[in-house]
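S.K.: Next up is a structure, given as structure tokens.
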DNA sequence: TTAACATTGCAACCAGGTTGCACAGATTAA
DNA sequence: TTAATCTGTGCAACCTGGTTGCAATGTTAA
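Protein chains in written order, with the numbering used here: chain A, 45 to 154; chain B, 45 to 154.
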């Protein structure tokens with residue numbers, strides 16, 4: 045199978061019927077350490093993952109936006125949108141960002 | 045007690061020793077419906093809440109940023125920072141935003 | 001006083017995430 | 001080849017946060 049949007053442990057467990065949850069979890073953890081995938085907390089209750097793309101730079105400050113569709117529950121990586129420069133209060137140092145925009149995606153917004 | 049930063053069910057449960065978790069949960073849910081507080085998903089594993097301030101507008105698109113300190117684990121509402129205008133892909137319609145910047149806060153960044 | 005309603009605590013449950021342990025297959029060293 | 005070791009996996013159990021049903025208690029109004 046193939047995912048165009050972010051996927052969760054749960055979704056993998058459902059699709060990979062013969063593989064144990066713990067195995068998938070450990071594999072995801074490994075992939076994340078190797079920076080093949082990155083975590084997204086989209087507020088859906090379960091952590092999602094997305095494949096890192098060329099120049100994904102997911103550990104750096106200019107991490108991209110994510111869009112969570114409240115209708116179909118899919119989470120999209122908006123890789124073309126970078127997080128703009130933000131003027132933080134004094135002495136606050138940003139290392140990472142988790143940006144999830146919520147609304148209705150193009151597929152559901154007919 | 046008084047919180048300057050966002051608080052979780054857990055924290056309240058710890059501080060309000062005589063009050064049951066379910067009661068706190070139901071009260072938080074009520075407060076949220078009444079828009080006295082708003083939810084923040086800071087990726088710490090547990091949902092946080094913050095008091096809505098004058099003009100908090102937490103249901104609207106221009107919800108403010110949050111800052112999660114990875115050192116002290118506090119989550120700050122950066123009410124003065126509004127989410128900038130974002131050019132979404134065609135037909136994507138944003139209704140809400142959950143923006144959590146992560147790093148080190150002023151207290152920890154000495 | 002009584003009936004209706006609201007609030008609370010307790011216990012149980014659920015889901016997602018995580019870990020310990022034992023087993024099987026692959027790999028390596030003697 | 002054989003023995004020792006390493007690696008990957010499944011199973012079961014566990015933890016935590018969140019959530020709900022239910023019964024008991026408190027409050028309000030007629």
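All residues carry an ideal CB built from backbone N, CA and C; glycine is no exception.
Would you identify the three-state DSSP class for residue 90 (chain B), choosing helix, strand or coil?
M.R.: In the second chain, residue 90 (chain B) corresponds to position 46, counting from 1. Coil, per DSSP.
S.K.: Quick one, which residues of the segment 129-149 of chain B are near chain A if we go by CB-CB under 8 Å, in chain order?
M.R.: Those residues of the segment 129-149 of chain B that come within reach of chain A (Cβ to Cβ, closer than 8 Å) are 130, 131, 132, 133, 134, 135, 136, 137, 138, 139, 140, 141, 142, 143, 144, 145, 146, 147, 148, 149.
S.K.: Taking 9 Å as the CB-CB cut-off, is residue 122 (chain B) touching chain A?
M.R.: The count along the second chain starts at 1 and reaches residue 122 (chain B) at position 78. Output row for residue 122 (chain B): interface = yes.
S.K.: Please check if any C-beta of chain B sits within less than 9 Å of the C-beta of residue 51 (chain A).
M.R.: Sequence index remark: in the first chain, residue 51 (chain A) carries index 7 (1-based). No, residue 51 (chain A) does not count as interfacial toward chain B.
S.K.: Using a Cβ-Cβ distance under 9 Å, would residue 153 (chain A) count as near chain B?
M.R.: Residue 153 (chain A) sits at position 109 when you count from the first residue of the first chain. Yes, because at least one Cβ of chain B sits closer than 9 Å to the Cβ of residue 153 (chain A).
S.K.: On the three-state DSSP scale, how would you describe residue 123 (chain B)?
M.R.: Counting from 1 along the second chain, the entry for residue 123 (chain B) is found at position 79. Looking at residue 123 (chain B) - three-state DSSP - the assignment turns out to be strand.
S.K.: Within 9 Å of any Cβ in chain A, is that where the Cβ of residue 73 (chain B) sits?
M.R.: Taking the second chain and counting its residues from 1, the one referred to as residue 73 (chain B) is at position 29. Not an interface residue.
S.K.: Taking a contact to mean a Cβ-Cβ separation below 9 Å, would you say residue 145 (chain B) touches residue 110 (chain B) in this structure?
M.R.: What you label residue 145 (chain B) is simply residue 101 of the second chain in a count that begins at 1. What you label residue 110 (chain B) is simply residue 66 of the second chain in a count that begins at 1. Cβ distance < 9 Å, so residue 145 (chain B) and residue 110 (chain B) count as in contact.
S.K.: Which residues in chain A have a C-beta closer than 9 Å to the C-beta of residue 111 (chain B)? List them in chain order.
M.R.: In the second chain, counting from the first residue as 1, residue 111 (chain B) sits at position 67. Neighbours of residue 111 (chain B) on chain A, chain order: 132, 133, 136, 138.
S.K.: Please state whether DSSP places residue 54 (chain A) in a helix, a strand or coil.
M.R.: Mapped onto the first chain, residue 54 (chain A) falls at position 10. Reduced to three states, the DSSP call for residue 54 (chain A) is helix.
S.K.: Below 7 Å between beta carbons is the criterion; list the residues of the segment 56-80 of chain B that meet it against any residue of chain A, in chain order.
M.R.: Residues: none.
S.K.: Give the DSSP bridge partners of residue 145 (chain A), in chain order.
M.R.: The residue given as residue 145 (chain A) occupies position 101 in the first chain. Bridge partners of residue 145 (chain A): A:111, B:141.
S.K.: If you reduce the DSSP assignment to three classes, tell me which class residue 74 (chain B) lands in.
M.R.: The count along the second chain starts at 1 and reaches residue 74 (chain B) at position 30. Three-state DSSP puts residue 74 (chain B) in a helix.
S.K.: Compare the C-alpha of residue 124 (chain A) against each of B:121, B:119, B:89, B:132 and name the closest.
M.R.: Here residue 124 (chain A) refers to the residue found at position 80 of the first chain. Of the listed residues, the one whose Cα sits closest to residue 124 (chain A) is B:132.
S.K.: Would you mind reading off the limits of the beta strand (DSSP E) that contains residue 83 (chain B)?
M.R.: Residue numbering aside, residue 83 (chain B) sits at position 39 when the second chain is read from its first letter. Here the beta strand (DSSP E) through residue 83 (chain B) covers 81-84.
S.K.: Quick test of your reading: residue 69 (chain A) and residue 53 (chain A), contact by CB under 8 Å. State the CB separation rounded to the nearest angstrom.
M.R.: Along the first chain, read from residue 1 onward, the residue named residue 69 (chain A) stands at position 25. Along the first chain, read from residue 1 onward, the residue named residue 53 (chain A) stands at position 9. Confirmed, about 6 Å.
S.K.: Count the other CB atoms within 10 Å of the CB of residue 142 (chain A); is the residue buried (16 or more) or exposed (fewer)?
M.R.: Numbered from 1 along the first chain, position 98 holds the residue referred to as residue 142 (chain A). By the neighbour-count rule (16 or more Cβ atoms within 10 Å), residue 142 (chain A) is buried.
S.K.: So, for residue 92 (chain A): in the same chain, excluding its five sequence neighbours on each side, which residues have a beta-carbon less than 7 Å away from its beta-carbon?
M.R.: Taking the first residue of the first chain as 1, we reach residue 92 (chain A) at position 48. Answer for residue 92 (chain A): 50, 51, 52, 84, 86, 119, listed in chain order.
S.K.: Looking at C-alpha atoms only, which residue of A:72, A:45, A:122 is the closest neighbour of residue 61 (chain A)?
M.R.: For the purposes of this step, residue 61 (chain A) is taken as residue 17 along the first chain, with counting starting at 1. Of A:72, A:45, A:122, the residue nearest in Cα terms is A:45.
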